[in-house]
Amino acid sequence: MEQNEDMVQRGNMERNELVRTIALVKKEVEKSQEELNRMKFLKNEKEKAFSLLQAEVEALKVQCNDLKHSLFGSEQEKETLWKLVFLLEVELKKEEAFTDMEKKLNESNKRTTSSDGTEITVKNNKPASVSHGTKEVANLKEKIKSLEGQIESKEITLGTSTLSFLEKERDLHKIMEELESRVEELNQSNANFCNNPHQMLAESTDDITSNGFVAEDLNSTGLISKKKGNGLPSANSKDTVSLDEEMKTPEDNTGVCNNDTLTELSSLKERNQSMESELNEMQNRYSAMSLRFAEVEGEKQKLAMTLRNRKNGKKG
1 MEQNEDMVQR GNMERNELVR TIALVKKEVE KSQEELNRMK FLKNEKEKAF SLLQAEVEAL
61 KVQCNDLKHS LFGSEQEKET LWKLVFLLEV ELKKEEAFTD MEKKLNESNK RTTSSDGTEI
121 TVKNNKPASV SHGTKEVANL KEKIKSLEGQ IESKEITLGT STLSFLEKER DLHKIMEELE
181 SRVEELNQSN ANFCNNPHQM LAESTDDITS NGFVAEDLNS TGLISKKKGN GLPSANSKDT
241 VSLDEEMKTP EDNTGVCNND TLTELSSLKE RNQSMESELN EMQNRYSAMS LRFAEVEGEK
301 QKLAMTLRNR KNGKKG
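This is how it looks when you write it as structure tokens:
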């Protein structure tokens with residue numbers, strides 16, 4: 001009889017221990033649920049930041065397209081400027097040929113001993129040719145000034161567009177760094193959640209299993225059911241199954257969140273690389289256009305020097 005009472009007393013102690021263990025496991029599950037809710041909140045924040053970043057990327061794409069169109073228009077206008085420069089060179093060559101012809105006529109008039117009427121006719125034609133050459137020179141100067149103004153305006157426009165694009169690029173890099181830091185924080189939270197709470201729950205489950213074997217032994221004796229009227233919960237009870245489900249759910253959710261986060265981060269990095277390649281391409285095209293504008297500037301200076309030499313030659 002005393003032995004039966006000792007066994008019942010020991011069974012009650014083990015039952016109380018098992019109840020305390022189950023309560024601890026439930027607390028751990030509640031903590032895990034809170035951690036999961038915090039991770040969901042971080043994930044929502046990350047999605048908001050990603051949507052903002054995506055909007056910034058779309059805006060930058062629109063600006064890139066606008067800049068491409070403006071560069072294409074600048075290239076067309078540059079081709080027009082080159083054609084104008086070519087026409088100016090042709091006109092200068094005509095003016096030089098006309099000047100050479102005037103010099104040859106003057107020399108031939110000095111050498112010939114023609115009549116007075118012929119000399120008067122030549123003298124009357126000379127001022128008209130000189131005035132015509134002066135008008136051509138003035139027209140060429142006006143065209144050169146207009147070309148200078150167009151080239152300067154295009155350089156200012158391209159410089160402003162490049163500065164705006166670089167500023168948007170810096171903002172994009174800042175947003176990318178912030179998002180990567182938040183994603184890294186989220187991954188760290190996932191790792192902590194997958195490691196520490198899972199180990200705690202596994203240890204608690206081991207305790208439940210060990211105590212469950214004791215409960216099965218006590219149920220096999222039939223002592224607790226006879227004297228207390230209540231059986232101990234076994235390892236296959238509904239509470240244990242529900243606890244297992246709660247233990248499995250956070251792990252599955254964190255795995256899915258982690259995979260989604262890595263996928264979004266990789267796609268974000270690919271978009272960043274594509275934007276950087278587009279930026280490099282735009283910078284290269286701007287450098288090429290700057291070189292072409294420098295060539296146009298050199299041609300313009302050559303034309304100005306040629307006109308100055310012609311003017312000095314006529315004065316002499």
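Under UniProt numbering, the sequence shown has 165 at position 165, and the numbering climbs by one with no breaks. Yeah, the Cβ is synthetic: ideal placement off N, Cα and C, and Gly gets one too.
Asked	Found
Proximal residues to threonine 306 (C-beta, below 7 Å), its chain only, five neighbours per side dropped	Leu92
Local conformation of methionine 7 per DSSP, three classes	helix
Span separating the alpha-carbon of valine 214 from that of asparagine 4	Confidence in valine 214 is poor, its pLDDT being 39 and thus under 50, which makes the residue's placement unreliable; the coordinate value appears in the next sentence. Roughly 16 Å between the two C-alpha positions.
Buried/exposed call for leucine 303, threshold 16 Cβ in 10 Å	buried
Own chain residues within Cβ distance below 7 Å of arginine 271, not counting five before or after	Val57
C-alpha gap between lysine 300 and serine 287, whole angstroms	20 Å
Cα-Cα separation between leucine 24 and asparagine 16, rounded to whole angstroms	12 Å
Alpha-carbon to alpha-carbon, serine 108 and asparagine 139	30 Å
C-beta atoms of leucine 88 and lysine 143 nearer than 8 Å	yes
Close-in-space but distant-in-sequence residues of the same chain around arginine 285 (CB under 7 Å, 5 per side omitted)	Leu71
Contact under 8 Å by Cβ, arginine 310 with glutamate 95	yes
Rounded distance between the beta-carbons of cysteine 64 and glutamate 278, thought under 8 Å	6 Å
Pair within 8 Å by beta-carbon distance, residue 317 and glutamine 150	No answer is possible for residue 317: the residues shown for the chain start at 1 and end at 316.
Lysine 48 in three-state terms, based on DSSP	helix
Span separating the alpha-carbon of leucine 60 from that of phenylalanine 293	27 Å
Coil, strand or helix - threonine 157 by DSSP	helix
Where threonine 80 falls: helix, strand or coil (DSSP)	helix
Within 8 Å, strictly: CB atoms of glutamate 84 and leucine 163	Reading off the sequence, residue 84 comes out as leucine, not glutamate. Not a contact, by the Cβ cut-off of 8 Å.
Member of Gln54, Asn280, Leu291 whose CA lies at the smallest distance from the CA of lysine 68	Asn280
Secondary structure of threonine 112, DSSP reduced to three states	coil
Where methionine 1 sits in the DSSP three-state scheme	coil
Backbone CA spacing between glutamine 9 and leucine 36 [nearest angstrom]	40 Å
Exposure label - serine 274; buried when at least 16 CB within 10 Å	exposed
Serine 32 to methionine 7 span [Cα, whole Å]	37 Å
Heavy atom of the ligand SAH within 7 Å of lysine 94 beta-carbon	Questions concerning the ligand SAH fall outside what the structure shown contains, since it holds no ligand whatsoever.
Buried/exposed call for valine 62, threshold 16 Cβ in 10 Å	exposed
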